[in-house]
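Notes for the one structure printed next.
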Amino acid sequence: MKRVYLILIASFFLPVSINAAEEAIDVQVIREAIADQGRAWTAVDYGRTFSLGLIRDKKETLSSQDYFTYSGKTLPSSIDWGPEGLNYVSPVKDQETCGACWAFSAVGALESTIAILENTPGDFYDLSEQILISCCASANGCSGGSTLDAARFLRTDGTYYEDCFPYQSSDIPCDQACSGWRNYSFKIQDYQPIEWTLEALKEAIYLHGPVQSTMDVHEDFYDYSDGVYEYTYGKYLGGHAIVLIGYQDNLTGEYGGGYFICKNSWGTNWGEGGYFNVGYNQVSYDMNFGDYSYIYFFDTMPPLPPTPTNDFNGDGSSDIALFRPGSGLWAVRSISRFYFGSPNDLPIPGDYNGDHTTDIGLFRPAAGLWAIRGITRYYFGARYDIPTPGDYNGDGTCEPGLFRPSSGLWAIKGISRAYFGTGGDKPVARDYTGDGTISLALFRANTGLWAIRFISRFYFGGDGDQPVPGDYDGNRITDVGLFRPTAGLWAIRGISRAYFGGGADRAVPADYNGDGRTGITIFRESSGLWAYANGSRIYFGKTGDIPVVE
1 MKRVYLILIA
11 SFFLPVSINA
21 AEEAIDVQVI
31 REAIADQGRA
41 WTAVDYGRTF
51 SLGLIRDKKE
61 TLSSQDYFTY
71 SGKTLPSSID
81 WGPEGLNYVS
91 PVKDQETCGA
101 CWAFSAVGAL
111 ESTIAILENT
121 PGDFYDLSEQ
131 ILISCCASAN
141 GCSGGSTLDA
151 ARFLRTDGTY
161 YEDCFPYQSS
171 DIPCDQACSG
181 WRNYSFKIQD
191 YQPIEWTLEA
201 LKEAIYLHGP
211 VQSTMDVHED
221 FYDYSDGVYE
231 YTYGKYLGGH
241 AIVLIGYQDN
251 LTGEYGGGYF
261 ICKNSWGTNW
271 GEGGYFNVGY
281 NQVSYDMNFG
291 DYSYIYFFDT
301 MPPLPPTPTN
311 DFNGDGSSDI
321 ALFRPGSGLW
331 AVRSISRFYF
341 GSPNDLPIPG
351 DYNGDHTTDI
361 GLFRPAAGLW
371 AIRGITRYYF
381 GARYDIPTPG
391 DYNGDGTCEP
401 GLFRPSSGLW
411 AIKGISRAYF
421 GTGGDKPVAR
431 DYTGDGTISL
441 ALFRANTGLW
451 AIRFISRFYF
461 GGDGDQPVPG
471 DYDGNRITDV
481 GLFRPTAGLW
491 AIRGISRAYF
501 GGGADRAVPA
511 DYNGDGRTGI
521 TIFRESSGLW
531 AYANGSRIYF
541 GKTGDIPVVE
């Protein structure tokens, strides 16, 4: 795979916030200074608070050979990765009153780099800044952090989608993030410092895309509206982290020979829609623009998390669901109730459209009808076929599948047909290898035989046992499991044995708490009891209801 580089450019300062309306100098004073010095930018009074948040307290000691340096090659006169150019810059966000510029600039640069890796201009992963703020132990959250903190955290832990841990502009516990996010996070592979020179910064942007950077902030910068910023008036307030998204040379020598195009994190109402320009001459000790720099190496997309069975709302956990054949009622607890189907239909839920949520489905044996609510209807199969839907080709969607006991025929719609098994076998097709595809598999109760096609054969269990395969240890590979109602025994091959439930109970294992592991659970039809091995008990349903489990 082609290696894509993300450059992290860091400088560390104390976090500062200032209310532009109450504490800032009069904007008219700044305007007069701009006119007196012949600057090419304009100032306005925004009347709101702006936060910084960069802490300057960390630096790695490395030899000169470890730095990225300017190659000496002639660079083009301009590059713009932003929405007015190549369109690889993710939308501007607002850090509000939290001193988290260090997190916003790092995540913003990462979002853009992923878009370059995936070649998706204008289409971006929306990643979580709150994960860095709340989970990076070496930083101080909304009280500030260094860009080195961010680099190290993105290498060791990474970040995940925004909806896993939405931004709340405050310090909240890390455990409020969605469970298991570290298993599927976006991580950089490594980082490298950049030599602090104008040409090195330009070459980094040109070759590798948007980069995280830093700058000193003085009072006048809060009032920037448009043009090319050069420090003009006011006292030093602190350090700020931003994203460099391009540059433009100027042959007349203005602004030190050109300017950088930058993305801020103060919302779209600040500056030029959230962006600003800064002169090359600010790469100096007067402003310390880009004095600490790091390259991020990013070339591997994270693994996709498994879609839990029975996840009807896409929140990452299985939902309790029932089908009432007498009336065609579907009831998904705390989510929805509707009517779909008739007395002789069989529930066949699954992710039939690849949106990572479970869809309602029915198989009508008398007609061979498959009806997927809101998606499609077709005819496939016959009266005595057993429906076995699943993702048989690894494309992320559920395909209709059938097992015909009379002949041992497996038919996967549009994919394959095979003969495997005999009458009396129970189909237990699951992902037994962890490759994301379903394998044909059977349980033969009279002998306790498990047969996984092309993979393995072994004996485990016997007559009266219910097969309950699932991912009981959270390694994304289906484990072989049995429930013995007569004794209430659960036996998970190679993992555990437990006693839970009894003869009148039906096993309904699934990941009901979203921790990535199948949980031992039973449904007691006579009372509508759902009981979890962890002690939780819920009443939902009545006699005659069919518990829906994929």
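According to this note's numbering, the stretch in the sequence shown is residues 1 to 550, in order. From the three backbone atoms N, C-alpha and C, an ideal C-beta is built for every residue, glycine too.
May I ask you to report which of helix, strand or coil DSSP gives residue i?
i	result
Thr-113	helix
Ser-293	strand
Trp-270	coil
Ser-143	helix
Ala-533	coil
Leu-609	Residue 609 lies beyond the range of the chain shown here (1 to 550); nothing can be said about it.
Ala-552	Residue 552 lies beyond the range of the chain shown here (1 to 550); nothing can be said about it.
Trp-196	coil
Ala-321	strand
Glu-22	Because the pLDDT at Glu-22 is just 42, under 50, the model does not fix this residue reliably, and the value given afterwards should be weighed accordingly. If DSSP states are grouped into helix, strand and coil, Glu-22 belongs with coil.
Tyr-206	helix
Val-332	strand
Tyr-539	strand
Ala-371	strand
Leu-201	helix
Arg-31	helix
Ser-105	helix
Tyr-379	strand
Tyr-255	helix
Phe-50	strand
Phe-221	helix
Does the beta-carbon of residue i have 16 or more other beta-carbons within 10 angstroms, so that it is buried, or is it exposed?
i	result
Ser-336	exposed
Tyr-285	exposed
Thr-232	buried
Ser-105	buried
Phe-312	buried
Tyr-88	buried
Asp-505	buried
Phe-50	buried
Ile-348	buried
Tyr-259	buried
Asn-344	exposed
Thr-521	buried
Asp-422	According to the sequence displayed, residue 422 carries Thr and not Asp. Per the 10 Å Cβ criterion, exposed.
Glu-118	exposed
Pro-509	buried
Met-215	buried
With a threshold of 8 angstroms between beta-carbons, can residue i be considered close to chain B, or not?
i	result
Thr-447	Considering every chain present, this structure includes no chain B. It has just one protein chain.
Can you name, in chain order, every residue of its own chain whose Cβ lies under 8 angstroms from the Cβ of residue i, other than the five neighbours on each side?
i	result
Thr-156	Lys-187
Ser-134	Gly-141, Phe-165, Asp-171, Ile-172, Pro-173, Cys-174, Gln-176, Ala-177
Asn-446	Gly-424, Gly-462, Asp-463
Phe-540	Ile-320, Leu-322, Ala-331, Arg-333, Gly-528, Trp-530
Tyr-419	Ser-407, Gly-408, Leu-409, Trp-410
CB-CB under 6 angstroms to residue i, same chain, minus the five flanking residues each way: which ones, in chain order?
i	result
Leu-154	Ile-188
Asp-545	Leu-322, Arg-324
Gly-341	Gly-328, Leu-362
Gln-466	Phe-483, Ala-507
Ile-477	Gly-434
Glu-403	Note that residue 403 corresponds to Phe in the displayed sequence, not to Glu. Closer than 6 angstroms at Cβ, skipping near neighbours: Ile-386, Thr-388, Trp-410, Pro-427.
Glu-195	Tyr-67, Thr-69
Gly-396	Gly-354
Mind checking who residue i pairs with in its DSSP beta bridge?
i	result
Ile-245	Looking at the DSSP assignment, Ile-245 forms no beta bridge with any residue, so it has no partner.
His-356	BP columns for His-356 are empty, so no partner.
Ala-487	According to DSSP, Ala-487 bridges with nothing at all.
Phe-276	Cys-262
Met-215	His-240
Ile-492	Gly-481, Ser-496
Thr-42	Asp-226
Asp-190	Phe-297
Gln-37	Note: Gln-37 sits in no beta bridge, so no partner.
Asp-94	Trp-266
Gln-466	Phe-483
Going along the chain, which residues of its own chain have a beta-carbon closer than 7 angstroms to the beta-carbon of residue i, five neighbours each way excluded?
i	result
Tyr-555	Because the chain here runs from 1 to 550, residue 555 falls outside it and cannot be looked at.
Lys-93	Phe-104, Ser-265
Glu-129	Ala-100, Ala-103, Phe-104, Val-107, Tyr-167
Ser-225	Thr-42, Ala-43, Val-44, Gly-271
His-218	Tyr-231, Gly-234, Lys-235, Tyr-236, Leu-237
Thr-357	Asp-311, Phe-312, Asn-313, Gly-314, Asp-351
**OP:** Identify every run of the alpha helix (DSSP H) within the stretch 387 to 450, keeping only runs that are complete inside it and at least 4 residues long; order them along the chain.
**Re:** As far as the stretch 387 to 450 is concerned, it has no whole alpha helix (DSSP H) run of at least 4 residues.
Subject >> Every unbroken alpha helix (DSSP H) within the stretch 52 to 83, with a cutoff of 4 residues, ordered by chain >> reply: For secondary structure counted as the alpha helix (DSSP H) over 4 or more consecutive residues, the stretch 52 to 83 holds no complete run.
**OP:** Counting only runs of 4+ residues fully inside the stretch 121 to 188, write out the alpha helix (DSSP H) ranges in chain order.
**Re:** DSSP runs (the alpha helix (DSSP H)) wholly in the stretch 121 to 188: 130 to 135, 147 to 156.
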